[in-house]
Amino acid sequence: MGTRYHIRFQLPVSSFDAVALQTAVDARLEALNASLSTYRSDSLITVFNDALPGQVMLVDIDFQNMVRMSRHVHLASGGAFDPTVGDLVNLWGFGWPKPEQPLIRMPEPAAIKAAKARFDAVEQPAPGQVVKRLPLRLDFSAIAKGYGVDMIAQVVRAHGVANFIVEIGGEVATRGRGPSGGPWRIGIEEPDPTRTGRVLARLELSDASLATSGHYRNFLEIEGRRYSHVIDPVSGYPVPDPPLSVSVLASNVALADAWATAFMVLDESRGLALAEENQLAVYWVFERDGVRRTQQSSYLQPYLAPEAGAH
Ligand code: ADP
Ligand code: MG
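Per our numbering: the sequence shown = residues 18 to 328.
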């Protein structure tokens, strides 16, 4: 997944085998990569992407889950989330392998049109089967890390651990209690790598699923303008002036991850309306003309830690 993971947990009282847990976690991650990694030439997703339209493929349960959950967020976000952005991602130079030279000018409009996202052309004719009706490439990068967190949380739970936190590249699942005996406390940091660490909001989470999408970590610069690595599937262009970051709490981390990406595409009022409609706790950080501003949905309130000194 191109990043690192952390698991922190309270040792169960009964016997516990740390080596067995580590082995199980690594095996689960390996299975996910074998299915979903676009970095690998032999993964299921790469085989699907290289296949001809009309060729029905048998896929594993993780791949099926990714298609199903992506479909849910795709429809609920009005198409802002679309995992068939694979050709666009490559065209704009965000794909794998990384282009030898960074993009210096915009792709041709005809090329952008040809690479258009079209998730409605991905069908599941029967359980376990997937087929594309048009030439396209899937890219689950915006949801698979979150899904990985959900899957690792299941593994940790199955090893008798009740109080833990799992994190892959900033996507987080918490269960039970943190080291203080209360909920896990998580800060949403100022999205600015040079000003490390100022916490904008403090969350108290026990059984929660949190994901963050941020413009600041990965962007493209063409002729002095910055472009997000998140692409608007409707226009085919990287999102101009997206939020600095969006953090989302949802019923699982896969959905939170996908929604966080969708909110990078959606403008702020439409994003807020969809967050309310879908009962999502969302925290946005914007910056325009050097002025930083935040916005949150009403569902975030119960997760906010009381201000120090306030009761
Ligand atoms: P990150 O993985 O960097 O934390 P995201 O979860 O937002 O950030 O995923 C961004 C990645 O998802 C992009 O690099 C690209 O591969 C893919 N992507 C870009 N735009 C979209 C989109 N509108 N819908 C779905 N996936 C997208
Ligand atoms: Mg995402």
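Positions of the beta carbon are idealized from the N, C-alpha and C atoms, including for glycine.
All of these numbers come straight from a predicted model, not from anything done at the bench.
State the DSSP-derived secondary structure class of residue i, mapped to helix, strand or coil.
i	result
His176	coil
Trp201	strand
Lys149	strand
Tyr320	helix
Leu53	helix
Tyr22	strand
Ile248	strand
Glu47	helix
Thr101	coil
His328	Low confidence applies to His328: its pLDDT is 46, below 50, so where it sits in the model is not reliable enough to give any reading.
Val256	coil
Val183	strand
Met74	strand
Leu120	coil
Val308	strand
Leu237	strand
Within its chain, find whatever has a CB closer than 6 Å to the CB of residue i; leave out the 5 residues flanking it on each side and keep chain order.
i	result
Gly231	Pro208, Ser262
Ala327	Its pLDDT being 48, under 50, Ala327 is placed unreliably by the model, and the measurement read from it follows with that caveat. Counting only Cβ-Cβ distances below 6 Å, and skipping sequence neighbours, we find nothing.
Trp201	Ile182, Thr191, Gly195, Leu222
Between the beta-carbon of residue i and the beta-carbon of residue j, is there less than 9 Å?
i	j	result
Gln318	Val299	no
Ile203	Val183	no
Ser94	Phe136	no
Pro29	Val178	yes
Ala218	Leu266	no
Ala44	Ile160	no
Gly165	Leu46	yes
Gly186	Gly19	yes
Ala279	Phe98	yes
Gly193	Ser158	no
Val90	Ala275	yes
Arg174	Thr101	no
Ala127	Leu108	no
Asp77	Ser52	yes
Phe26	Phe181	yes
Ser315	Glu293	yes
Val282	Val256	yes
Gln141	Val84	yes
Ala37	His176	yes
Gln81	Gly145	yes
Asp306	Met168	no
Glu238	Pro119	yes
Within its chain, find whatever has a CB closer than 8 Å to the CB of residue i; leave out the 5 residues flanking it on each side and keep chain order.
i	result
Ala68	Met74, Lys149
Val216	Gly204, Ile205, Glu206, Glu207
Val64	Met74
Pro323	none
Lys130	Gly253
Thr311	Leu217, Ala218, Tyr300, Trp301, Val302, Phe303
Residue i and residue j look like a contact to me (Cβ under 8 Å); what is the Cβ gap, rounded to whole Å?
i	j	result
Ile248	Val106	7 Å
Trp301	Pro259	With 8 Å as the limit, Trp301 and Pro259 do not qualify as a contact, their Cβ atoms being about 10 Å apart.
Leu220	Leu321	7 Å
Kindly indicate the opening and closing residues of the alpha helix (DSSP H) around residue i.
i	result
Glu285	285 to 294
Phe280	270 to 282
Thr191	First-last for Thr191: 188 to 192, but that is the beta strand (DSSP E), not the alpha helix (DSSP H).
Val84	78 to 93
Ile62	61 to 67
Please go through the same chain and pick out, in chain order, the residues whose beta-carbon is closer than 7 Å to the beta-carbon of residue i, but skip the five residues on each side of it.
i	result
His23	Glu184
Pro340	Only positions 18 to 328 of the chain appear in the structure, and residue 340 is not among them; the question remains open.
Phe236	Arg243, Tyr244, Ser245, His246
Pro116	Gly110
Gly96	Pro250, Val251
Asp156	Thr55, Pro100, Val102, Gly103, Val106
Which two residues bound the contiguous beta strand (DSSP E) that contains residue i?
i	result
Lys133	Careful: Lys133 lies outside any beta strand (DSSP E) and carries neither H nor E.
Ser315	First-last for Ser315: undefined, no H or E at that position.
Val299	298 to 305
Leu329	Residue 329 lies beyond the range of the chain shown here (18 to 328); nothing can be said about it.
Gly231	225 to 231
Ser262	262 to 267
Given 8 Å as the limit, tell me if residue i has its C-beta closer than that to any heavy atom belonging to the ligand NAD.
i	result
Ser230	The ligand NAD is absent from the structure shown, which contains only the ligand ADP and the ligand MG.
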